[in-house]
Amino acid sequence: MDVLTAMDLLKKNGFKYTDKRRDLLQLFSDEKRYLSAKEVQDSLKENYPGLSFDTIYRNLSTFSELDILEETELEGEKKFRFTCPTKEHHHHLICLKCGKTKEINACPMENITTDLSDFQVTGHKFEIYGVCQVCVS
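The sequence shown runs 1428 to 1564 under our numbering.
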């Protein structure tokens, strides 16, 4: 995902173009990691001092619903990042210190040997948490 594609997607879904939305999306483009709503607010407060947490969270939720952002929960807090450009099924390694991610091109569901015939699986999510080499150093 990139800022222009995201803004076009918002427009196609009836949302108007605003500088705040563009700047919010640009933040995700620049950071390339999971960010909390509080981190977004802190990053944007200089240019938008009156921007409320509720407005940020509402926009993040909308972006997530439109698959502009993907979300996860780290340490009890929802965090967001641009949706991966990779359309193939994959999972992520996530650094707990900086939020950086790395794609895993394998799926553990393929190795499940438990009989799931009495359960209709509708989806799954697999994430591995740790600390990246940059944060370890």
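A virtual CB, placed ideally from N, CA and C, is assigned to each residue, including glycine.
Three-way DSSP call (helix, strand, coil) for residue i in this model
i: Y1484; result: helix
i: F1509; result: strand
i: E1466; result: helix
i: C1534; result: coil
i: T1489; result: helix
i: C1562; result: helix
i: T1499; result: strand
i: K1527; result: strand
i: L1520; result: strand
i: E1473; result: coil
i: E1515; result: coil
Euclidean distance between Cα positions of residue i and residue j
i: L1454; j: F1490; result: 13 Å
i: T1499; j: A1433; result: 19 Å
i: C1534; j: L1487; result: 27 Å
i: L1501; j: E1492; result: 19 Å
i: H1517; j: E1530; result: 7 Å
i: L1437; j: C1559; result: 33 Å
i: L1523; j: V1561; result: 12 Å
i: D1494; j: F1507; result: 11 Å
i: I1483; j: L1462; result: 12 Å
i: K1439; j: E1537; result: 37 Å
i: G1503; j: E1466; result: 15 Å
i: T1549; j: L1543; result: 12 Å
i: Y1444; j: T1528; result: 29 Å
i: G1441; j: E1458; result: 27 Å
i: D1469; j: T1540; result: 46 Å
i: R1460; j: L1520; result: 11 Å
Neighbourhood of residue i by C-beta distance below 7 Å, restricted to the same chain and skipping five residues each side
i: K1447; result: Y1475 and L1478
i: D1450; result: L1471 and N1474
i: S1456; result: D1429, V1430 and F1509
Contacting residues, own chain, Cβ-Cβ under 8 Å from residue i (five flanking each side not counted)
i: E1515; result: N1532
is_contact[residue i, chain C] using C-beta, thresh 9 Å
i: L1436; result: As a matter of chain content, chain C is missing from the structure shown, which is built from one protein chain.
Burial state of residue i (16 or more Cβ within 10 Å)
i: H1551; result: exposed
i: G1557; result: exposed
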